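So for the sequence shown, the working numbering puts the first residue at 47; every next one is plus one.
Where a beta carbon is used, it is the ideal one built from N, C-alpha and C, also for glycine.
Being a predicted model, the structure only gives us computed values, none of them experimental.
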Amino acid sequence: MVKYQGRAKSFLDWGERIVMIKQDGTILIHQPILREPANWQPSGSKITFTIDGEYLILNSINSNPVEKMKVYFRSISFILVTALRDRAKILVSGMENDLVNYILFNPDCIEEGFRIKERERSVRSGSIDLFGYD
Numbered sequence: 047m048v049k050y051q052g053r054a055k056s057f058l059d060w061g062e063r064i065v066m067i068k069q070d071g072t073i074l075i076h077q078p079i080l081r082e083p084a085n086w087q088p089s090g091s092k093i094t095f096t097i098d099g100e101y102l103i104l105n106s107i108n109s110n111p112v113e114k115m116k117v118y119f120r121s122i123s124f125i126l127v128t129a130l131r132d133r134a135k136i137l138v139s140g141m142e143n144d145l146v147n148y149i150l151f152n153p154d155c156i157e158e159g160f161r162i163k164e165r166e167r168s169v170r171s172g173s174i175d176l177f178g179y180d
């Protein structure tokens with residue numbers, strides 16, 4: 047069970063979840079489906095554990111903005127504790143801006159002799175990233 051209070055208020059009843067606590071204090075609580083977490087707390091959150099009767103309780107407090115989350119466990123199927131080492135930075139390519147820049151500097155990739163006249167041309171229905179002639 048998860049109780050959250052902060053920018054909003056939420057309650058997530060009992061269920062089987064994957065709870066990730068990262069080294070920077072980030073907490074992600076995932077349900078069996080969907081990519082986005084059902085609940086989360088940002089990096090820098092202060093985490094403590096308490097026991098109340100039959101429940102292990104994960105307490106998380108974030109100071110800016112002020113948020114509190116309590117995760118109640120009545121059973122645990124699996125625990126993995128590890129210190130991850132990963133200094134790699136993700137390199138993303140193929141974004142729209144990358145494609146526009148590639149065409150801007152290599153207009154012949156569209157058609158031999160293609161000439162770009164304008165970048166970001168406004169039209170009635172919106173804008174055109176690159177406008178040119180063949």
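**OP:** Taking all protein chains shown into account, decide if asparagine 85 is buried (16 or more other Cβ within 10 angstroms of its Cβ) or exposed.
**Re:** buried
Original post:
Alpha carbon to alpha carbon, what distance is there between isoleucine 136 and leucine 176?
Top reply: 28 Å
Original post:
Can we say the segment 51 to 63 touches the segment 73 to 92, given the rule of at least three CB pairs closer than 8 Å?
Top reply: yes
Original post:
Excluding five sequence neighbours on each side, which residues of the same chain lie with their C-beta closer than 7 Å to the C-beta of histidine 76?
Top reply: Arg63, Ile64, Pro83 and Ala84
Original post:
CA-CA distance, serine 56 and serine 139?
Top reply: 37 Å
**OP:** Ignore the nearest five residues each way along the sequence and tell me which others in leucine 74's own chain have a CB closer than 7 Å to its CB.
**Re:** Met66, Pro83 and Trp86
Original post:
Hey, tyrosine 179 and arginine 161: beta-carbon distance below 8 Å or not?
Top reply: yes
Original post:
Cβ of valine 138 less than 8 Å from any chain D Cβ?
Top reply: The displayed structure is made up of one protein chain only, and chain D is not part of it.
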